[in-house]
Each structure stands twice: as structure tokens, then as C-alpha cells.
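In mature numbering (1 follows the signal peptide of the UniProt record, and there is no 0), the protein residues as written are -21 to -1, 1 to 300.
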């Protein structure tokens, strides 16, 4: 890269950081209007950012400085903190206090950086008792901040929609007792693919609920977009809380054409999207190399292919808010 190109990239990064300098202060309390996420002025808003990997396996990245770097360098206006419930050395069910400390470092970092943050119960199984206890505590502590979004069930795998719905209703009730306003995200069966099921039988009695759809562009094709379109047409608000450009395994080659098709589709519909993940595993979806510092300040040589493309997309599209 020549000197002129480096200067252009530095100027772009600087202009991006200015756009998101006071993002939550500008947009404030989020809500759902019809199927659209809107800001405090009832204007459509699109949140775009990245998800940290499972806290239980990559806790070193769960700190305020990493959040600040993702805002400044990647131009994130949102991050997602993935609370690993059962998997990993530091899983929540094994080390709850350590887990809460790590999640709260990211939450505090997002509040300090004035961006939004998803508190993600990152599990594929129903853990109702533990989920109610956690979301009761965390919503009491952070529910007063408009930065916060709750994701109550990351990716149900083999649970039926009635099972997921019953679980979500119990957790939503707990959150709403402490926090009447902030957005709550609900997963759907088959790894957030079967959005047609909640579309046919949505949760009722609560405001500001959205439903998550996840895609990996090299695996999930137009059929998933069509299914999601039908769900939106029926009145279901959708939030893409996890996505990327490789295969659903998290590995394999990047498919930039298929990923851009999803980006274009999301942008046309003003759907918010999060890319997976800030971690340093030897796989395509892990954005960082093991050389990457725990606290940001990453050089290009610390970033893998997915990170470089994600940063490019975020710098481009987050300038539009």
C-alpha cells in the first residue's frame, strides 16, 4: 500500500469515528414501530457492528478498550457480548461471577463509548432458571441505560417454537419488571432459521420485541431471505444478530458475492446486522489472529480476511446514519 492510500484510509477511519462519536446520545431510546427499529425521534435506525466470541472461550477480548477500538477503528455503532452458558472453560454455569464480570466490562465499555450493546444469552438450550436469575440481575443494573438490548436465547436448535415461546415469555416478564422499554430479541428454532414459526404465532402483550435471524452467506441462500421477507410482511420485526460471509460451520472459504447479496437485502429493508466474531480461533469466522492484542489497537496484519471485510462494510454503511 502506498503512502497516499494509507492517508486516505486514515482519513476515512477518522471520519467514521466522528460519525459515531455520540451515537446513543443522538439516537437515544430505541423502540419498534411496526416492523422497523426506530430511534427516540421515531426515525428508522440501522445498527451495524460485531459480536464478541463466546466469553467462556475468549474472555481476553472482553474489556472496555477492545470496545472502544471497535467503535473507533471498525466504526461499530453496536457490539454484542456473547455470554457462553454451557460451553468453554469459563462457562456461566461453571463460573457465574467471572462470567458476569466479563460481560459487564463490555456493557460498561459500550456505555462509555456511547454505542449500543446486545447482552446475548449465548446458548442452544433452555436454561430457564439460570436465564431468569441472570436477566433479573442485569436488567436491574443496566435497564436505565438506552444502550442496552437483551437477547434472551441465542440459537434454539431442536426446541419447538412453543417451547422457545414459553421460555421467552418467562424471561421477558422478568426483564420487563425492571426495564419496561429496551429492545428484547427472541430466537427461533433451527438456529434462528425458522422465523416463519414466530411469524405465525408471535409473543403478545409486550412492546419492543424483535426476532432474530442468523445467516452464513456461503451456506444460506435466497430461500432464507424469502422466508424472512414473508415473516416481515406478516408483521414480524427482524434483527440479524449474527451473520458472516463463510459457511455455517464458521469455516470454509469466504463467499463475498453471496455476502454482498445479503448486505444489499438488509440495507434495502433497514435491517440491523451483527457480524461474528471477535475471537482468535483457527477458523474463518474468528476475525483475529493470535497476534492480536486483547485490548484493540490491532494492525492490519492482526486481522483475518473476515475482519478486513467487516471493517470495510461497517465504515461504508455506518456513515449513513
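Don't be surprised by glycine CBs; every beta carbon is placed ideally from N, CA and C.
Computed from a prediction, not measured in an experiment: that's the story for all the values here.
Are residue i and residue j touching if we call contact CB-CB under 9 Å?
{"i": "residue 293", "j": "residue 28", "result": "yes"}
{"i": "residue 118", "j": "residue 85", "result": "no"}
{"i": "residue 210", "j": "residue 177", "result": "yes"}
{"i": "residue 129", "j": "residue 90", "result": "no"}
{"i": "residue 132", "j": "residue 290", "result": "no"}
{"i": "residue 55", "j": "residue 24", "result": "no"}
{"i": "residue 7", "j": "residue 141", "result": "no"}
{"i": "residue 175", "j": "residue 136", "result": "no"}
{"i": "residue 204", "j": "residue 173", "result": "no"}
{"i": "residue 181", "j": "residue 214", "result": "yes"}
{"i": "residue 82", "j": "residue 60", "result": "yes"}
{"i": "residue 273", "j": "residue 281", "result": "no"}
{"i": "residue 18", "j": "residue 5", "result": "yes"}
{"i": "residue 158", "j": "residue 123", "result": "yes"}
{"i": "residue 257", "j": "residue 49", "result": "yes"}
{"i": "residue 143", "j": "residue 107", "result": "no"}
{"i": "residue 221", "j": "residue 193", "result": "yes"}
{"i": "residue 223", "j": "residue 196", "result": "yes"}
{"i": "residue 64", "j": "residue 102", "result": "yes"}
{"i": "residue 146", "j": "residue 62", "result": "no"}
{"i": "residue 296", "j": "residue 247", "result": "no"}
{"i": "residue 30", "j": "residue 99", "result": "yes"}
{"i": "residue 301", "j": "residue 47", "result": "Here the chain comprises residues numbered -21 to 300, so residue 301 is not present and cannot be evaluated."}
{"i": "residue 32", "j": "residue 283", "result": "no"}
{"i": "residue 155", "j": "residue 185", "result": "yes"}
Going by DSSP, name the residue or residues bridged to residue i.
{"i": "residue 15", "result": "12"}
{"i": "residue 254", "result": "29 and 222"}
{"i": "residue 287", "result": "The partner list for residue 287 (beta bridge, DSSP) is empty, contrary to what the question assumes."}
{"i": "residue 72", "result": "DSSP lists no partner for residue 72."}
{"i": "residue 63", "result": "101"}
{"i": "residue 282", "result": "267"}
{"i": "residue 217", "result": "190"}
{"i": "residue 46", "result": "Paired residues: none, contrary to the question."}
{"i": "residue 211", "result": "Its beta-bridge partners do not exist; DSSP assigns none."}
Kindly indicate the opening and closing residues of the beta strand (DSSP E) around residue i.
{"i": "residue 305", "result": "Residue numbering for the chain in the displayed model covers -21 to 300; residue 305 lies beyond these limits and cannot be assessed."}
{"i": "residue 130", "result": "127 to 130"}
{"i": "residue 24", "result": "It is not in any beta strand (DSSP E) - residue 24 carries neither H nor E in the DSSP assignment."}
{"i": "residue 271", "result": "Premise fails: residue 271 is in no beta strand (DSSP E) and is neither H nor E."}
{"i": "residue 99", "result": "95 to 101"}
{"i": "residue 165", "result": "163 to 165"}
Starting from residue i and walking both ways along the alpha helix (DSSP H), at which residues does that stretch end?
{"i": "residue 85", "result": "75 to 92"}
{"i": "residue 6", "result": "2 to 6"}
{"i": "residue 121", "result": "107 to 121"}
{"i": "residue 147", "result": "140 to 157"}
{"i": "residue 195", "result": "Run containing residue 195: none in the alpha helix (DSSP H); it sits in the beta strand (DSSP E), 188 to 195."}
{"i": "residue 178", "result": "175 to 179"}
{"i": "residue 171", "result": "168 to 171"}
{"i": "residue 182", "result": "No alpha helix (DSSP H) contains residue 182, which DSSP labels as neither H nor E."}
{"i": "residue 240", "result": "235 to 248"}
- Any chance the region 29 to 42 sits against the region 252 to 270, with 3 or more Cβ pairs inside 8 Å? Contact check between the region 29 to 42 and the region 252 to 270: three or more CB pairs, one atom from each, fall below 8 Å, which counts as touching.
- Decide if the region 229 to 247 is in contact with the region 69 to 83; the criterion is three or more beta carbon pairs, one per stretch, under 8 Å apart. They do not touch, by the three-pair rule.
- Message: If contact is defined by three or more beta carbon pairs under 8 Å, each pair taking one atom from either stretch, is the region 185 to 197 in contact with the region 8 to 25?
- Response: Verdict: yes, contact present.
- Message: Whether or not the region 275 to 285 and the region 240 to 248 are in contact is what I'm after, with contact meaning three or more pairs of Cβ atoms, one per stretch, closer than 8 Å; do they touch?
- Response: No, because fewer than three Cβ pairs between the region 240 to 248 and the region 275 to 285 fall closer than 8 Å, the two stretches do not touch.
- Message: Pairs of beta-carbons, one from the region 161 to 170 and one from the region 252 to 262, closer than 8 Å: are there three or more?
- Response: When Cβ pairs closer than 8 Å are counted between the two stretches, the region 161 to 170 is seen not to touch the region 252 to 262, the count staying below three.
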